[in-house]
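First up is the structure itself, then whatever we jot down about it.
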Amino acid sequence: MQQLWLIPLLPLAGFALNGLFGRRFSKTVINAIAVGSVLLAFLWVLKSLNSLGAFSGGGLEVPHVEHYFTWIQSGVLNISVDFAVDRLTAVMLLIVTGIGTLIHIYAVGYMAHESGYYRFFAYLNLFMFFMLTLVLAQNFLLLFVGWEGVGLCSYLLIGFYFSEKFATDAGNKAFIVNRIGDFGFSLAIFLIAIHFGSLDFGSVFSQAKNLPIETSPGWITAIALLLLVGATGKSAQIPLYVWLPDAMAGPTPVSALIHAATMVTAGVYMVARSSSIFLHSPMALEIVTIIGIATAFFAATIGLVQNDIKKVFAYSTVSQLGYMFVGLGTGAFSAGIFHVMTHAFFKALLFLGAGSVIHALSGEQDLRQMGGLARKIPITCVVLLCASLAIAGVPGTSGYFSKDLILESAYQYAPWIYWVGVLTAGMTAFYVFRAFFMAFTGEYRGNKHPHESPFVMWGPLAVLAALSLGGGFINIPKYLEPMFPLSEGTLPGFVALTPAVFGFAGIGLAYILYVLAPGLPESIANAFRPVYTLLYNKYFVDEAYDSAVVNPTIDGSRSLLWRTIDAGAIDGTVNGVGKTARSIGGVLRHLQSGYIRSYAGWVVAGAILVVIVMGLKGVM
Amino acid sequence: MVDAILFLLFAAIAVVCAINLVVQTHPISSALSLVGVMGALALIYLQLGGEFIAAAQLIVYAGAIMVLFIFVIMLLNAGKERKLPRRLWVTYAGVPLLAGFIGVAAFVIERMLPPSPGAKFGAMTHGNPQEIGRSLFQVYLLPFEVTSVLILIAILGAVVLASKEVE
Amino acid sequence: MPEISLPQSVPLTWYLILSAILFTLGVAGFLFRRNVITVFMSIELMLNAVNLSFVTFSYKYKQVDGHIFSFFVMVVAAAEAAVGLAIILTIFKNRQTLEIDEVSSLKN
Chain A
277 MQQLWLIPLL
287 PLAGFALNGL
297 FGRRFSKTVI
307 NAIAVGSVLL
317 AFLWVLKSLN
327 SLGAFSGGGL
337 EVPHVEHYFT
347 WIQSGVLNIS
357 VDFAVDRLTA
367 VMLLIVTGIG
377 TLIHIYAVGY
387 MAHESGYYRF
397 FAYLNLFMFF
407 MLTLVLAQNF
417 LLLFVGWEGV
427 GLCSYLLIGF
437 YFSEKFATDA
447 GNKAFIVNRI
457 GDFGFSLAIF
467 LIAIHFGSLD
477 FGSVFSQAKN
487 LPIETSPGWI
497 TAIALLLLVG
507 ATGKSAQIPL
517 YVWLPDAMAG
527 PTPVSALIHA
537 ATMVTAGVYM
547 VARSSSIFLH
557 SPMALEIVTI
567 IGIATAFFAA
577 TIGLVQNDIK
587 KVFAYSTVSQ
597 LGYMFVGLGT
607 GAFSAGIFHV
617 MTHAFFKALL
627 FLGAGSVIHA
637 LSGEQDLRQM
647 GGLARKIPIT
657 CVVLLCASLA
667 IAGVPGTSGY
677 FSKDLILESA
687 YQYAPWIYWV
697 GVLTAGMTAF
707 YVFRAFFMAF
717 TGEYRGNKHP
727 HESPFVMWGP
737 LAVLAALSLG
747 GGFINIPKYL
757 EPMFPLSEGT
767 LPGFVALTPA
777 VFGFAGIGLA
787 YILYVLAPGL
797 PESIANAFRP
807 VYTLLYNKYF
817 VDEAYDSAVV
827 NPTIDGSRSL
837 LWRTIDAGAI
847 DGTVNGVGKT
857 ARSIGGVLRH
867 LQSGYIRSYA
877 GWVVAGAILV
887 VIVMGLKGVM
Chain B
391 MVDAILFLLF
401 AAIAVVCAIN
411 LVVQTHPISS
421 ALSLVGVMGA
431 LALIYLQLGG
441 EFIAAAQLIV
451 YAGAIMVLFI
461 FVIMLLNAGK
471 ERKLPRRLWV
481 TYAGVPLLAG
491 FIGVAAFVIE
501 RMLPPSPGAK
511 FGAMTHGNPQ
521 EIGRSLFQVY
531 LLPFEVTSVL
541 ILIAILGAVV
551 LASKEVE
Chain C
193 MPEISLPQSV
203 PLTWYLILSA
213 ILFTLGVAGF
223 LFRRNVITVF
233 MSIELMLNAV
243 NLSFVTFSYK
253 YKQVDGHIFS
263 FFVMVVAAAE
273 AAVGLAIILT
283 IFKNRQTLEI
293 DEVSSLKN
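Just so you know, the sequences run in chain order A, B and C. When the letters of the first sequence are read in order and numbered with my numbering, they come out as residues 277 to 896. When the letters of the second sequence are read in order and numbered with my numbering, they come out as residues 391 to 557. When the letters of the third sequence are read in order and numbered with my numbering, they come out as residues 193 to 300.
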């Protein structure tokens, strides 16, 4: 018994303390509780994994399950609160707690001047609790609890600046779109309960191994597709990705932690965990792949022309998540998880670095107002350069290894996916370096006074930079081999090299357009004005959703449900009861006329009625 | 046969007096008609063998209660009742309706009662005071005592209500 | 003289019909007269009609219980008459009227 329950409960205690009493604590105490709880959780993870032999090769081949108590016992359905650790969980735990700790430390510096300081850290701790529950859960329902919980915390944190309408709107959008995905996930859970008779991972997946592979749509495909719906909601794939760019309204540490490193990878984790089910439905895997590659390409094209630095990185996240789904869909589950880890490193670094830039410029986020910051905030410049190299897939960086693995698997699955992926990699390099050059090279175009961030902020950045560059050498796929067998087969030589070539090409193109010939992007945009407008406005997807889904729902709700049913029928019935009582009373009032003779008349009338009835009964 | 004739005679007297009671405007006339009704009824009771009841009717009802009524009428100096303007059709519809109702009631009664031997004078011998007394003090003792309490309460109530206010 | 054949003994239903007639007349007087004392007397008429009915049934079953009941009715009528007339006296003292329609302060 490793007391795994401590891992989520330490942040929960942090949330309780900061949430209830944080108003009275000094900043130091809040920091100690918030950062301390997550740091302790991380250390406990290290300790537990060490005891289970996870770090010495050969440990944790069998999941280590800890049973706490039975939650629901209803007929054949027996759901208990169990936490379990296997190699996949170990990787996720390390990512979540490790990067979580770094971001908590960073946030101490970033949020130093914000109001609601304690509230922020309380929510952040709550998020850690739910995310760790999600990762440690050993049955679908407990996972769903964590799933919903991180959605809630995402809503709370996106809308952290609750006095700004666009922030609360973004929070609502995130939660509602997530809900649609959750609906799919719930249906999947129901189907799993029906078909497998249990929601426990051990039971479900061991049964799933013995199922035949479905070549035509059947219930396994249904379950897999519904799980996919949930994953697209949480991991921002087509069609439910629209909340992620808007979620940039939240504070930058939130964007880094939740919308880059941890929450959005929950969908990837869930699909990887359910690999046994997906492997038995090739049709579902194909759909996963297609959605992944489409999202990757689509989001990258939007990211090419965005001017808000956080929006560029948001679309980059969507695109990279698409890559992870390609990895999962082509059967390389471990490659997908590997990319989760490396993406967590460099994307968190990108966001935190962007936060550092924004902090330096006292809130400026528009790339067109930046420039020449390399001299003014050198540390931030260096770490962002590391992150950009990693995401562009420059050989040797972590991003190179993971992206390459995915693309190799894609090539084995279907070459056209490989080529689209390579093109997307080129675009990725381009837009990341476009942002980098626009921000750090040339002359400063704004009017603020840039200053470097404090150590509490660039310290974590340095750690992440090291991980982004060197993290690729942690051979996760080998580590996960017992769970996700690696594919054999040799590939042509160009498969490994071409992404790097495209990456360099992208960097080069960005250099040309934004360093050497600064007027060129403007003229290209003018030449391709319709394309530019389409990309700049995100393909008008939000507007399309608005007119197709959102407005009809609101109108229908307003006219039908509100006016007709609620005000008309329900209120009408309730008021009608009152009105009826009143009118009956109005009629009966005449009985009380005060005239004795009218009373007498009523008495006689009643007596006559009785006599008639008795007479009729007697005569019959 | 004689029973029938006597019954019809007294019944006629009773009905005529009752109609008179309802129709007369001055309360004194109504009171005297009521006395007539009670007398006729007392004679009918005799025919049914209720000797005690007949005597009690005359002594208590006609003798005491009606006298009380007449005292009150004379005390209050009640005059004739004002005649309300009444629409003509009410008068013309009321009487036949009343008669019709009575007819229906009679018919129903006729149907409902199983055939039984008619009443002859002298056929009932249990109405004498011994029987009444025996039943009253043995079977119906409790109601008897309770009614005595009731009368006491009535006396108290009447005294309180009708007394002059003490200044 | 035309021979009207009357039954040898009076059928009991005739008594009951007489009771019904008297009762109905009492109800009519109770409803349609406006003088309070006349209304009271109509009530007494109704009670008498009921007494007749009791005595008739007592004859039918040759038992004395009907007479006893009739006796009790008389007692209660006496008590009721006493109290009722006292009330009428009070009303007359307060309102100087014997019209039943005037006593309507419970209106509405």
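For glycine and all other residues, C-beta sits at the position ideal for the given N, C-alpha and C. Quantities reported herein were computed from a predicted structural model and do not represent experimental measurements.
- The shortest CA-to-CA distance from A/I499 to any of A/F621, A/S557 and A/A570 is the one to A/S557.
- Classified as exposed, A/L885 has fewer than 16 neighbouring CB atoms from the shown chains inside 10 Å of its CB.
- Secondary-structure assignment with DSSP links A/V361 through a beta bridge to A/H340.
- According to the DSSP assignment, A/P521 belongs to the alpha helix (DSSP H) that extends over W519 to D522.
- For the stretch 847-870 of chain A, no residue has a beta-carbon sitting nearer than 9 Å to a beta-carbon of chain B.
- Counting other Cβ atoms within 10 Å of its Cβ, A/F331 stays below 16 and is therefore classed as exposed.
- According to the DSSP assignment, A/Q688 belongs to the alpha helix (DSSP H) that extends over S674 to Y689.
- Judged by pairs of C-beta atoms under 8 Å, the stretch 730-749 of chain A touches the stretch 660-680 of chain A, as three or more such pairs exist.
- Against C/M238, chain B offers no close residue; the least beta-carbon distance is about 10 Å (beta-carbon pairs closer than 9 Å).
- Here C/N227 carries a strand assignment [DSSP, helix/strand/coil].
- For A/F589 and A/Q513, the gap between their C-alpha atoms comes out near 15 Å.
- At a Cβ-Cβ threshold of 7 Å, A/G639 and A/Y720 do not count as neighbours.
- Burial of A/P521 is indicated by the presence of at least 16 other C-beta atoms within 10 angstroms of its C-beta.
- Put simply, of A/L418, A/S678 and A/G494 the residue whose alpha carbon is nearest the alpha carbon of A/S744 is A/S678.
- Looking at the DSSP output, A/L353 shares a beta bridge with A/S350.
- Segment contact: the stretch 794-811 of chain A against the stretch 568-588 of chain A, three or more CB-CB distances shorter than 8 Å; contact assigned.
- Secondary-structure assignment with DSSP links A/D476 through a beta bridge to A/N415.
- The closest CA to that of A/V530, considering only A/G295, A/A630, A/P828 and A/H340, is found on A/A630.
- Of all residues in the stretch 875-895 of chain A, only I884, V887, I888, M890, G891, L892, G894 and V895 come within less than 9 Å of chain B when Cβ atoms are compared, listed by chain position.
- Distance from the Cα of A/T565 is smallest, within the candidate group A/G607, A/R549 and A/A532, for A/G607.
- Against chain A, the CB of C/I292 has a partner CB under 7 Å away; the residue lies at that interface.
- Taking a beta-carbon distance threshold of 7 Å, B/A445 does not count as an interface residue toward chain C.
- For A/S595, the CB contacts under 6 Å within the same chain, skipping 5 residues up- and downstream, are A572, A575 and A576 in chain order.
- Chain-order list of chain C residues neighbouring B/V462: I229, L277, I280 and L281, by C-beta distance under 8 Å.
- B/F397 belongs to the set of residues whose beta carbon lies under 7 Å from a beta carbon in chain C.
- If you check the CB distance, A/T491 and A/A560 do not come in under 7 Å.
- Contact annotation: the stretch 303-310 of chain A does not touch the stretch 366-375 of chain A, with fewer than three C-beta pairs closer than 8 Å.
- Remark: fewer than three beta-carbon pairs, one from each stretch, lie closer than 8 Å, so the stretch 397-409 of chain B and the stretch 876-895 of chain A are not flagged as touching.
- With a beta-carbon spacing of about 7 Å, B/F442 and B/N518 fall inside the 8 Å limit used to define contacts.
- Where C/T289 is concerned, there is no enclosing alpha helix (DSSP H), because DSSP gives it neither an H nor an E.
- Apart from sequence neighbours up to five positions away, the residues of its chain that approach A/A711 with a beta-carbon distance below 7 Å are I585, V588 and L643, ordered along the chain.
- When the beta-carbon positions are compared, A/I783 and A/F716 stay at least 7 Å from each other.
- Around C/V219, the beta-carbon contacts reaching into chain A at under 7 Å are V880.
- Contact check for A/N454 against A/G509 passes: the beta carbons are separated by less than 7 Å.
- When 9 Å is used as the limit between beta carbons, B/F459 is near these residues of chain C: I229, F232, M233, E236, A273 and L277, in chain order.
- Interface with chain A (7 Å Cβ-Cβ cutoff): B/V498 is included.
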